[in-house]
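S.K.: One rule links them: number in my numbering = place in the sequence shown (from 1) + 6. Attaching a single structure in structure tokens format; questions to follow.
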Amino acid sequence: MVQYIVSDMDGTLLNKDQKVSKENKEAIERAQNQGVEVIIATGRSFQEARFALDEANLECPVICVNGAVVYTKDGALAASNPMDPDTVKSVIQYLENEGIYFEIYTNDGTYTKNYEKSLATLVDILLTANPDLDPLKVTEQARQRVTVSHIKSIEDYEKLLSISEIEYYKFLIFSNDLQKLGDTASALKENNHLAVSSSGRENLEITSRDAQKGIALEKYVKERGGSLTEAMAIGDNFNDVSMLERVGRSVAMGNAPTKIKNICEFITDTNDENGVANAINKVLKG
Numbered sequence: 007m008v009q010y011i012v013s014d015m016d017g018t019l020l021n022k023d024q025k026v027s028k029e030n031k032e033a034i035e036r037a038q039n040q041g042v043e044v045i046i047a048t049g050r051s052f053q054e055a056r057f058a059l060d061e062a063n064l065e066c067p068v069i070c071v072n073g074a075v076v077y078t079k080d081g082a083l084a085a086s087n088p089m090d091p092d093t094v095k096s097v098i099q100y101l102e103n104e105g106i107y108f109e110i111y112t113n114d115g116t117y118t119k120n121y122e123k124s125l126a127t128l129v130d131i132l133l134t135a136n137p138d139l140d141p142l143k144v145t146e147q148a149r150q151r152v153t154v155s156h157i158k159s160i161e162d163y164e165k166l167l168s169i170s171e172i173e174y175y176k177f178l179i180f181s182n183d184l185q186k187l188g189d190t191a192s193a194l195k196e197n198n199h200l201a202v203s204s205s206g207r208e209n210l211e212i213t214s215r216d217a218q219k220g221i222a223l224e225k226y227v228k229e230r231g232g233s234l235t236e237a238m239a240i241g242d243n244f245n246d247v248s249m250l251e252r253v254g255r256s257v258a259m260g261n262a263p264t265k266i267k268n269i270c271e272f273i274t275d276t277n278d279e280n281g282v283a284n285a286i287n288k289v290l291k292g
């Protein structure tokens with residue numbers, strides 16, 4: 007019997023309207039009522055994740071920013087896996103020298119030098135998860151999320167580096183030059199303190215080596231006396247790979263890329279067809 011169910015958000019738990027459907031909500035509650043712990047694992051900040059969960063009146067532990075921070079179902083901080091400030095400084099220097107846009111997720115919100123570019127980056131992520139949507143509608147959804155996620159403009163990242171209390175969780179990098187994006191990924195992968203993944207066709211997500219969904223999930227489950235052999239994970243993109251490869255039951259969304267489907271044991275329906283609910287109901291029936 008599965009004891010833990012772990013779901014990504016964008017392109018997975020959330021439908022094209024960025025909502026948790028009635029079917030998904032009811033399936034999660036059904037699992038919880040049967041003693042299964044349902045965990046959310048997302049690249050979103052805690053504020054962004056909670057916004058969608060609160061709308062659906064769901065209480066779950068949340069692995070945020072790809073595993074950089076973990077919160078209990080009551081909203082208490084359970085774990086933090088930030089990047090080292092010296093590593094952050096070197097990544098900033100590299101990206102600025104290459105002229106590549108990026109923003110930084112921290113414990114004090116998300117910082118950017120270009121607010122409109124930040125919006126465009128989020129639009130790309132949402133359209134990757136929901137390619138059939140009207141770009142104008144997606145842009146409006148992105149504006150709402152930018153407001154919720156406390157995006158802050160900054161002129162010089164040196165100012166951020168001078169604040170000792172700041173924890174650095176993630177670089178979100180965006181470029182429509184896919185060759186440059188690939189070269190950047192290769193260069194940053196050479197730093198063994200970092201993990202490099204992606205949640206959209208034109209972005210990279212850079213975190214601490216330990217800040218990966220699968221690593222954070224494994225630690226969370228072990229601390230509770232469980233094992234990932236008792237876990238089912240559901241995801242749709244490359245920042246889900248670390249958890250999909252570790253769990254006993256891996257499920258790819260119907261809207262996931264072929265490479266993600268190929269590493270999973272099962273494939274469910276799309277995020278707009280209640281794929282999460284269908285996967286949960288199937289496993290609950292044994």
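Where a beta carbon is used, it is the ideal one built from N, C-alpha and C, also for glycine.
Looking only at C-alpha atoms, which of Glu279, Met238, Lys288, Val289 sits nearest to Ser27?
M.R.: Nearest option by C-alpha distance: Glu279.
S.K.: Using CA atoms only, rank isn't needed, just tell me which of Met249, Lys95, Leu64, Asp23 is closest to Lys165.
M.R.: The shortest C-alpha separation from Lys165 is found at Lys95.
S.K.: What are the partner residues of Glu229, as DSSP defines its beta bridges?
M.R.: Per DSSP, none; premise fails for Glu229.
S.K.: Does the beta-carbon distance from Tyr121 to Ser159 come in below 7 Å?
M.R.: Contact flag set, yes.
S.K.: Who pairs with Phe177 in a beta bridge, going by DSSP?
M.R.: In the DSSP output, where bridge partners are listed per residue, Phe177 has Ile110, Ile212.
S.K.: Starting from Gly188 and walking both ways along the alpha helix (DSSP H), at which residues does that stretch end?
M.R.: Start and end: 184-195.
S.K.: Just how far apart, CA to CA, sit Ile34 and Leu142?
M.R.: Straight-line Cα distance between these residues: approximately 31 Å.
S.K.: Could you tell me if Pro137 is buried or exposed, where buried requires 16 or more neighbouring beta carbons within 10 angstroms of its beta carbon?
M.R.: Exposed, because fewer than 16 other Cβ atoms sit within 10 Å of the Cβ of Pro137.
S.K.: Where do the N-terminal and C-terminal ends of the beta strand (DSSP E) with Thr118 fall, by residue?
M.R.: 115-118 is the span of the beta strand (DSSP E), which, as asked, contains Thr118.
S.K.: With DSSP as the reference, identify every bridge partner of Val202, one or two as the case may be.
M.R.: In the DSSP output, where bridge partners are listed per residue, Val202 has Ile212.
S.K.: Is the beta carbon of Ile11 less than 7 Å from the beta carbon of Ala47?
M.R.: The answer is no: Cβ separation not under 7 Å.
S.K.: Rounded to whole angstroms, what is the Cα-Cα separation between Lys225 and Gly81?
M.R.: Roughly 18 Å separates the two Cα atoms.
S.K.: Please name the residue or residues paired with Cys70 in a DSSP beta bridge.
M.R.: Val75, per the DSSP bridge assignment.
S.K.: Using a 10 Å radius around the Cβ and a threshold of 16 neighbouring Cβ atoms, would you call Lys195 buried or exposed?
M.R.: Answer is exposed; the Cβ neighbour count stays below 16.
S.K.: Assign Met7 to buried or exposed, taking buried as 16 or more other Cβ atoms, counted over all protein chains shown, within 10 Å of its Cβ.
M.R.: Under this definition Met7 is an exposed residue.
S.K.: So, under 8 Å CB-CB, Phe180 and Asp242 are touching, yes? Tell me the CB distance rounded to an integer number of Å.
M.R.: Contact flag wrong, Cβ pair sits at about 19 Å.
S.K.: Which residue's Cα is closest to the Cα of Asn87: Ile106, Gln150, Gly73, Tyr163?
M.R.: That would be Gly73, whose Cα lies nearest to the Cα of Asn87.
S.K.: What do you reckon, are the CB atoms on Tyr77 and Phe52 nearer than 7 Å?
M.R.: Yes, they are a contact pair.
S.K.: Whole angstroms are fine: how far does the CA of Asp162 sit from the CA of Leu223?
M.R.: Near 34 Å, if we compare the C-alpha coordinates of Asp162 and Leu223.
S.K.: Taking Cβ positions, are Arg151 and Glu54 nearer each other than 7 Å?
M.R.: Yes.
S.K.: Under three-state DSSP, which class holds Lys28?
M.R.: Residue state, collapsed to three classes: helix.
S.K.: Count the other CB atoms within 10 Å of the CB of Lys176; is the residue buried (16 or more) or exposed (fewer)?
M.R.: Buried is the call here.
S.K.: Just to confirm, are Met238 and Arg215 a CB contact at a threshold of 7 Å?
M.R.: Not closer than 7 Å, so no.
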